[in-house]
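Chains as they are written, first to last, in my numbering: chain E, 525 to 636; chain F, 4 to 199. Cβ coordinates follow ideal geometry from the N, Cα and C atoms, glycine included. Nothing here was measured: the structure is a model prediction, and the numbers come from that model. Report on the following structure.
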């Protein structure tokens, strides 16, 4: 009998833990969805500037910047782990760069 | 540019995408979804998207079949080793019956919906020697859907695909936890009924 009660408690603990995980991931999904919505909304505007969440290739394409200039600014080194879909933020972290300054410089390059 | 892997759509890029997706299906390379969505975001025309869909589905199907065959080949040796453990003997029969009962839907859903489980399911399917024909059909249908969904999403969402993959990943985990919660609730209800 004691064993059964113990295993029941074990299942209830698992259940509470699972509900907690569902709530946690639901919150994260909701947050990420809001970020996605904001980004999509921003891209629909007429006058847009380079943002930290934009990918390297989208910056090159959308703002007509040469890849050499962007690569130099973000200190991109080509290797097997690099792909152009990386965001400016992640590259700033990876290459130990001041992201605010990089964005500012990229926007200046665009306006030149 | 010295080595721009995905900066332009070319044969080299398609070849790399094929190899990475194939290795991803075998569980040797993580984050295949990122490569697929990323390359689709860089596609400039619908023909590029179509080519990516074909390459990704082909590579994923081949990878899944290789994983299944590897696990199937070693299933006797591994199961005889595992049968030495009492805890394995108890649960093995039950797990095998459950897998056989829902083999098609488990394999099919794990290809495009519960993508974090697809490699594990491939190896378990081979290990449990589930019906080869059923497995291959489920893999073909599931992987085509997988390639279609994520390539089109990558192409349509372009710059915002990073956030999009995060949302898809979160929803996948929610689904996994909901399924496990349903199983735990069912176990608790069954236990209560037995007590009564």
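By the criterion of Cβ-Cβ separation under 9 Å, what are the contact partners of residue 193 of chain F in chain E? Per Cβ cutoff of 9 Å: no residues; residue 193 of chain F is ~11 Å from chain E at best.
Exposed unless 16 or more other CB atoms sit within 10 angstroms - verdict on residue 531 of chain E: exposed
Please name the residue in E:632, E:552 and E:560 whose C-alpha comes closest to that of residue 161 of chain F. E:560
Is the CB-CB distance between residue 546 of chain E and residue 181 of chain F below 8 Å? yes
Taking C-beta to C-beta, are residue 633 of chain E and residue 599 of chain E nearer than 8 Å? The Cβ atoms of residue 633 of chain E and residue 599 of chain E lie no closer than 8 Å to each other.
Would residue 25 of chain F and residue 65 of chain F be called neighbours here (beta carbons separated by less than 8 Å)? yes
Neighbourhood of residue 143 of chain F by C-beta distance below 7 Å, restricted to the same chain and skipping five residues each side: 64
Quick check: the Cα distance between residue 9 of chain F and residue 39 of chain F, rounded to an integer number of angstroms? The predicted position of residue 9 of chain F is uncertain, since its pLDDT is 45 and thus under 50; a value taken from the coordinates is nonetheless stated next. Rounded to whole angstroms, residue 9 of chain F to residue 39 of chain F spans 11 Å at the Cα level.
Under 8 Å, CB to CB, which of the residues in the stretch 536 to 570 of chain E have a partner in chain F? Answer in chain order: 536, 538, 539, 542, 543, 545, 546, 549, 550, 552, 553, 556, 557, 559, 560, 563, 564 and 567.
So residue 175 of chain F and residue 119 of chain F are in contact, right, with Cβ under 8 Å, and what is the actual spacing, rounded? The beta-carbon separation of residue 175 of chain F and residue 119 of chain F, rounded to 6 Å, stays under the 8 Å limit for a contact.
Taking 6 Å as the limit between beta carbons, can you name the residues of its chain near residue 27 of chain F, skipping five residues before and five after? 35
Establish whether the CB of residue 51 of chain F and some CB of chain E are separated by less than 8 Å. no
Along chain F, which residues have their Cβ under 7 Å away from the Cβ of residue 582 of chain E? 161 and 162
Please list the segments of the alpha helix (DSSP H) lying wholly inside the stretch 15 to 75 of chain F, counting only runs of 4 or more residues, in order along the chain. 35 to 45
Between residue 635 of chain E and residue 166 of chain F, how many whole angstroms is the CB-CB distance? I'm expecting something under 8 Å. With a Cβ gap of about 27 Å, residue 635 of chain E and residue 166 of chain F do not count as contacting.
Would you grab the beta carbon distance between residue 149 of chain F and residue 70 of chain F for me? Rounded to a whole angstrom, and I think it's under 8 Å. Between residue 70 of chain F and residue 149 of chain F the Cβ distance is about 15 Å, and since that is not below 8 Å, they are no contact.
Quick check on residue 169 of chain F - is its C-beta less than 8 Å from some C-beta in chain E? yes
In the DSSP assignment, find the unbroken alpha helix (DSSP H) run with residue 620 of chain E in it and report its ends. Unbroken run through residue 620 of chain E: none, as it is neither H nor E.
Should residue 4 of chain F be flagged as near chain E, meaning a C-beta pair shorter than 8 Å? Note that residue 4 of chain F has pLDDT 39, beneath the 50 cutoff, so the model's placement of it is unreliable and no number is given.
Rounded straight-line distance, which links the Cα of residue 43 of chain F to that of residue 50 of chain F: 11 Å
Excluding the 5 residues flanking residue 81 of chain F on each side, which residues of the same chain have their C-beta closer than 7 Å to its C-beta? 130
Flag this pair as yes or no: are the beta carbons of residue 102 of chain F and residue 178 of chain F separated by less than 8 Å? no
Which two residues bound the contiguous alpha helix (DSSP H) that contains residue 176 of chain F? 164 to 198
Classify residue 111 of chain F as buried or exposed, calling it buried when 16 or more other Cβ atoms lie within 10 Å of its own Cβ. buried
Quick one: using the 10 Å Cβ neighbour count with 16 as the cut-off for buried, is residue 84 of chain F buried or exposed? Taking all protein chains in view, the Cβ of residue 84 of chain F is surrounded by fewer than 16 other Cβ atoms within 10 Å, so the residue is classified as exposed.
Taking 8 Å as the CB-CB limit, is residue 84 of chain F close to chain E? no
Is it buried or exposed for residue 540 of chain E, if we count other Cβ within 10 angstroms and need 16 for buried? Burial call: exposed.
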